[in-house]
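Student: Just so you know, the sequence shown maps onto residues 1 to 290 in the UniProt record's numbering.
Every residue gets a Cβ at the ideal spot worked out from N, C-alpha and C, and that includes glycine.
I have a structure here, written as C-alpha cells, and I will follow up with some questions on it.
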Amino acid sequence: MKEQECNQTAEVGVSDLKLKGFKVYEINGEGSKIPTYNRRDFYKICINTSKSLVQYADRGIEIDGTVLFFGNPHIPYSWETLSKEYEGYACVFTEEFLKTSDRSESLAESPLFKIGGTPLFSLSAEQKVFIDAMFQRMIKEQETDYVFKDDLIRNYVNLMLHEAMKMQPAEHFFKHKNASSRITSLFLELLERQFPIETKNEPLALKTPQDYAQSLSVHVNHLNRSVKEVTGKPTTAHITERVISEAKALLQHTDWSIADIGYSLGFEYPSYFNNYFKRLTGTIPKSLRT
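Below you can see the structure in the form of C-alpha cells.
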C-alpha cells in the first residue's frame with residue numbers, strides 16, 4: 001500500500017510555486033514526480049481516481065472511484081492508496097492568491113474547507129471530464145506568459161468551487177469521538193463571528209485565548225492543546241492572524257482614524273496598536289493608507 005496523496009509530507013517553500021501562491025500539477029501511479037509542500041501553508045484541491053483510505057481530522061472514508069477533495073491547511077489529513085494505479089490532478093494555493101479583497105469571506109468558512117464540513121465529493125464520469133478539463137487548462141495556462149494568467153487561473157479555481165458546492169458530498173464518512181476536533185471547530189467559528197468590525201465605538205469582545213475559552217466553557221489549557229493538535233498552530237496565532245487581516249481591511253477600506261481602528265480591535269492606546277501591527281507585519285499602520 002502506498003501513501004500517495006493529494007497530501008504530500010515533504011516541504012517546499014512558496015518560492016517553488018509557479019505563480020505567487022499557486023501551483024497545479026498532474027498526479028499518477030507510474031512514477032511521475034509529484035511536487036510536495038508544507039500542508040500547513042496551502043489549501044488544496046485534488047481530483048483522484050483510485051481505491052484509497054482518507055483520514056481527515058477526526059473522520060475517515062474509504063473510496064473506490066473518482067473523488068474531488070478539498071484540503072484545509074489547518075486540518076491534518078492523510079491519503080493512503082490501496083490500489084496499484086491512480087491518476088488525477090491537484091493544485092495548491094494560499095488564501096491570499098484566491099482572495100481578491102481582505103473583506104471577502106475566509107476560505108476557512110467555506111462549506112468546502114471549514115472544519116466539520118465534508119471535503120470529499122464522488123464524481124460521475126461527466127463530472128470527471130469537466131473537472132479534468134479545468135485542471136488541464138490551469139496546467140497549460142500556468143506555463144504561458146499571459147499577463148493576467150493568475151486572474152484566469154483564479155477563475156478556474158472558483159468555477160471548480162462552485163461546481164463542487166452544487167454536488168452532493170460523499171456519504172460514507174465514519175465519525176470518531178474526538179473532543180479536540182469539536183472544540184477547535186467551535187473556536188474557529190466563534191473567532192470568525194467576531195468579524196467584520198462594523199463600528200469603531202465598540203472594541204472587540206474576545207481578544208485572548210482565555211476570552212474564547214470562557215465563552216466556550218472550557219479550560220484555556222484544553223482549548224490551546226486542542227487547537228494546536230488539530231491545526232498545528234497555537235490559539236494565539238489564529239487570533240493574531242485574524243486581527244491583522246481585519247486591521248488591514250479597516251485601514252484600506254474605511255476613513256476611520258488609526259486610533260479608532262486600534263480601539264475597535266481592542267487596543268486601548270494607539271501606540272499599542274502601532275507596535276503590535278509593526279511587530280507582525282514589519283510596517284506601520286499608516287503605510288497602508290493611500
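Beta-carbon separation of P196 and A249 under 8 Å?
Tutor: A contact, by the Cβ cut-off of 8 Å.
Student: In or out: Y272 buried (at least 16 other Cβ within 10 Å) or exposed?
Tutor: Y272 should be labelled exposed.
Student: Could you give the C-beta distance for T94 and S50, rounded to a whole number, given that I count them as a contact under 8 Å?
Tutor: About 27 Å; that fails the 8 Å criterion.
Student: Just curious, the beta strand (DSSP E) that Y43 is in, first and last residue?
Tutor: That run of the beta strand (DSSP E) goes Y43 to Y56.
Student: Grab me the residues of L223's own chain with a C-beta within less than 8 Å of its C-beta, minus the 5 sequence neighbours each way, in chain order.
Tutor: Correct list, in chain order: I183, F187, P209, Y212, A213, L216 and T235.
Student: Report buried or exposed for H74, applying the criterion of at least 16 other Cβ atoms within 10 angstroms of its Cβ.
Tutor: Classification of H74: buried, given that the 10 Å Cβ count is 16 or more.
Student: For the beta strand (DSSP E) that N221 lies in, which residues bound it at each end?
Tutor: No beta strand (DSSP E) holds N221; the alpha helix (DSSP H) holding it covers V220 to T231.
Student: For K114, which of L123, Y56 and F148 has the nearest alpha-carbon?
Tutor: Checked all of L123, Y56 and F148; the closest Cα to K114 is Y56.
Student: Just to check my reading of the structure: L120 and I47 have Cβ atoms closer than 8 Å, yes? What is that Cβ distance to the nearest angstrom?
Tutor: With a Cβ gap of about 11 Å, L120 and I47 do not count as contacting.
Student: In chain order, what residues of the same chain lie with their CB nearer than 6 Å to the CB of E229, ignoring the 5 residues before and after it?
Tutor: Around E229: S180.
Student: Take Y263 and list the residues in its own chain whose beta-carbon comes closer than 7 Å to its own, dropping the five residues that flank it on each side.
Tutor: So the list reads K200 and P203, once near-sequence residues are dropped.
Student: Please confirm whether N28 and E109 have their CB atoms less than 8 Å apart.
Tutor: Contact flag unset, no.
Student: Can you name the residues that DSSP bridges to E26?
Tutor: DSSP, once it has assigned bridges, lists Y89 as partnering E26.
Student: What separation, rounded to the nearest whole angstrom, lies between the Cα atoms of A164 and C91?
Tutor: The alpha-carbon atoms of A164 and C91 are separated by roughly 15 Å.
Student: Going by DSSP, what residue range makes up the beta strand (DSSP E) through F121?
Tutor: It spans L120 to S122 - the beta strand (DSSP E) in which F121 sits, taken as one unbroken run.
Student: Could you please give the first and the last residue of the uninterrupted alpha helix (DSSP H) stretch that includes S181?
Tutor: Looking at the DSSP string, the run of the alpha helix (DSSP H) that includes S181 is A179 to R193.
Student: To which residues does DSSP link Y77 through a beta bridge?
Tutor: DSSP, once it has assigned bridges, lists Y56 as partnering Y77.
Student: Whole angstroms are fine: how far does the CA of V129 sit from the CA of V147?
Tutor: Straight-line Cα distance between these residues: approximately 28 Å.
Student: Tell me where the alpha helix (DSSP H) around A125 begins and ends.
Tutor: First-last of the alpha helix (DSSP H) with A125: A125 to Q142.
Student: Can you tell me whether V147 is helix, strand or coil according to DSSP?
Tutor: Coil at V147, not helix or strand.
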